[in-house]
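Residues in the sequence shown are numbered from 302 upward in steps of one, following this note's numbering.
In this text, a Cβ means the ideal position worked out from N, Cα and C, and glycines have one as well.
Below you'll find the structure, written out as C-alpha cells, and then a few comments.
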Amino acid sequence: MKMMKKQSGFSFVELMVAMVVGLVVTGAALQLLITNNRTFALQQATSRVQENGQLVMRFLVRDLRRTGLDQNVASVVPGGVLFVPAAGLPASSDGATDRITIAYHGTTDCEGGGGGGIVQVVNSYYVSNDGLFCNGNLSGGAGIELVSGVEGFKVKYGIDENPDGALGVTTFVGAANASGYITPAQSAAGVPGAVGTIVAARLALLLSEQSETLPGGGEQTFYLLGNKITKSDSDAKAVRRMFTSTVQLRNVDWETL
302 MKMMKKQSGF SFVELMVAMV VGLVVTGAAL QLLITNNRTF ALQQATSRVQ
352 ENGQLVMRFL VRDLRRTGLD QNVASVVPGG VLFVPAAGLP ASSDGATDRI
402 TIAYHGTTDC EGGGGGGIVQ VVNSYYVSND GLFCNGNLSG GAGIELVSGV
452 EGFKVKYGID ENPDGALGVT TFVGAANASG YITPAQSAAG VPGAVGTIVA
502 ARLALLLSEQ SETLPGGGEQ TFYLLGNKIT KSDSDAKAVR RMFTSTVQLR
552 NVDWETL
C-alpha cells in the first residue's frame, strides 16, 4: 500500500512576516516614486523659469542696446529712454513694478508692427496681470505678453554726475529722479535741476514657475535693485529666480560728460 506524503503550508507567523516585508518594500517603492516625481517637477519648473528669464532678458537687453540708434540726441533725451509720453505710449515710470519706454530708428516694433521702412520705433515695457508686456507704437494694439509669472520688475538708470569728459556711473536712480537731471549747458542757462547724464540702464526681473507638486520652500526674500520682495508658501508653491542686467546706452552726448 502506497503511503501519501503529508502536505504542509505556511504558518500564520510566516504569513504575517511576509506581509510586513511586502508592506515595507511597497512603502519604500512608493516613497521613492513620490520623491522622484517631486524632483522631476522641481527640475522642470527650474528649467522653465531659467529659460523664460534668459530669453526675456536677452530681448530687453537687445532692445536697450538699440536705444537712440540713429536718433538725434536733442529729440529724445537722454539716450533713447523716454521720460515723457510719446507716440501715444506712457513714459518710463516708477511704481510697484516699473515701466521703461525706449525709442530708436528701425523697421518693426516689439509687437511686430511696421516693416515699411526705417521709422521711429517706440517700445514700452510694463507688467500687467503677472506678465511682462511690450506695447509698440507701430502696431496699435494692446501689447503683447513676453513672459508670464512676473513677480517683480525694476529699472534703475545710471547717472554720470561728473562732467569730466569720461564716461562713468556715479549713482543709480529711478525714473522719477532720472528725469530731473539736466546738462551742464542747461544748468549754466539757469535751468533748475541736478547736473548729470544718463549713460546706462539696469534691469531686475523676478520670475516664478508655480506647481502644486513642489515641496514647500518656506519664506523667500529677494532684493530687486534695493526693493524688498518677500514670498512664502501661502503665495503658492513655486520656483523663483531673479535676473539682472546692466546696459550702457549708446546715444550719449559726449559733450555733456
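For residue i, count the other beta carbons within 10 Å of its own beta carbon; 16 or more makes it buried, fewer makes it exposed. Which is it?
{"i": "Asp465", "result": "exposed"}
{"i": "Gly450", "result": "buried"}
{"i": "Ser393", "result": "buried"}
{"i": "Val325", "result": "exposed"}
{"i": "Lys455", "result": "buried"}
{"i": "Val540", "result": "buried"}
{"i": "Tyr524", "result": "exposed"}
{"i": "Ala330", "result": "exposed"}
{"i": "Gly354", "result": "buried"}
{"i": "Asn430", "result": "exposed"}
{"i": "Arg367", "result": "buried"}
{"i": "Lys529", "result": "exposed"}
{"i": "Gly475", "result": "buried"}
{"i": "Leu356", "result": "exposed"}
{"i": "Val314", "result": "exposed"}
{"i": "Leu439", "result": "buried"}
{"i": "Leu390", "result": "buried"}
{"i": "Val321", "result": "exposed"}
{"i": "Val318", "result": "exposed"}
{"i": "Val385", "result": "exposed"}
From what residue to what residue does the beta strand (DSSP E) around residue i run?
{"i": "Ser509", "result": "Thr498 to Gln511"}
{"i": "Arg400", "result": "Arg400 -> no beta strand (DSSP E), and no H or E assigned at all."}
{"i": "Thr514", "result": "Segment: none, Thr514 is in no beta strand (DSSP E) and carries neither H nor E."}
{"i": "Ser429", "result": "Gly415 to Ser429"}
{"i": "Gly494", "result": "It is not in any beta strand (DSSP E) - Gly494 carries neither H nor E in the DSSP assignment."}
{"i": "Cys435", "result": "Gly432 to Gly437"}
{"i": "Leu526", "result": "Counting along the chain, Leu526 falls outside any beta strand (DSSP E), and DSSP gives it neither H nor E."}
Quick one: what does DSSP say residue i is sitting in, helix, strand or coil?
{"i": "Phe384", "result": "coil"}
{"i": "Ala539", "result": "strand"}
{"i": "Thr347", "result": "helix"}
{"i": "Thr368", "result": "coil"}
{"i": "Gly389", "result": "coil"}
{"i": "Met320", "result": "helix"}
{"i": "Ser376", "result": "Unreliable positioning characterises Ser376 in this predicted model, as indicated by a pLDDT of 42, which lies under 50. A coordinate reading is not provided."}
{"i": "Asn552", "result": "coil"}
Measure the Cβ-Cβ separation of residue i and residue j and say whether it is below 7 Å.
{"i": "Gly418", "j": "Glu462", "result": "no"}
{"i": "Leu508", "j": "Val350", "result": "yes"}
{"i": "Thr545", "j": "Ala505", "result": "yes"}
{"i": "Gly459", "j": "Val470", "result": "yes"}
{"i": "Val548", "j": "Val428", "result": "no"}
{"i": "Ala388", "j": "Val423", "result": "yes"}
{"i": "Leu255", "j": "Ala397", "result": "This structure cannot settle anything about residue 255, because the visible part of the chain is limited to 302 through 558."}
{"i": "Phe434", "j": "Gly444", "result": "yes"}
{"i": "Glu520", "j": "Ser533", "result": "yes"}
{"i": "Gly432", "j": "Glu446", "result": "yes"}
{"i": "Ala346", "j": "Glu452", "result": "no"}
{"i": "Asp395", "j": "Ala477", "result": "yes"}
{"i": "Ser425", "j": "Thr402", "result": "yes"}
{"i": "Gly414", "j": "Gly437", "result": "yes"}
{"i": "Thr365", "j": "Lys457", "result": "One detail in the question is off: residue 365 reads as Leu in this sequence, not Thr. No."}
{"i": "Val492", "j": "Ile499", "result": "no"}
Taking 7 Å as the CB-CB limit, is residue i close to chain D?
{"i": "Val422", "result": "The structure shown contains no chain D; it holds only a single protein chain."}
Inset, instruction - Go through the stretch 440-487 residue by residue and report every complete run of the beta strand (DSSP E) that reaches 3 residues or more, in order. - result: 445-449, 451-461 and 472-474
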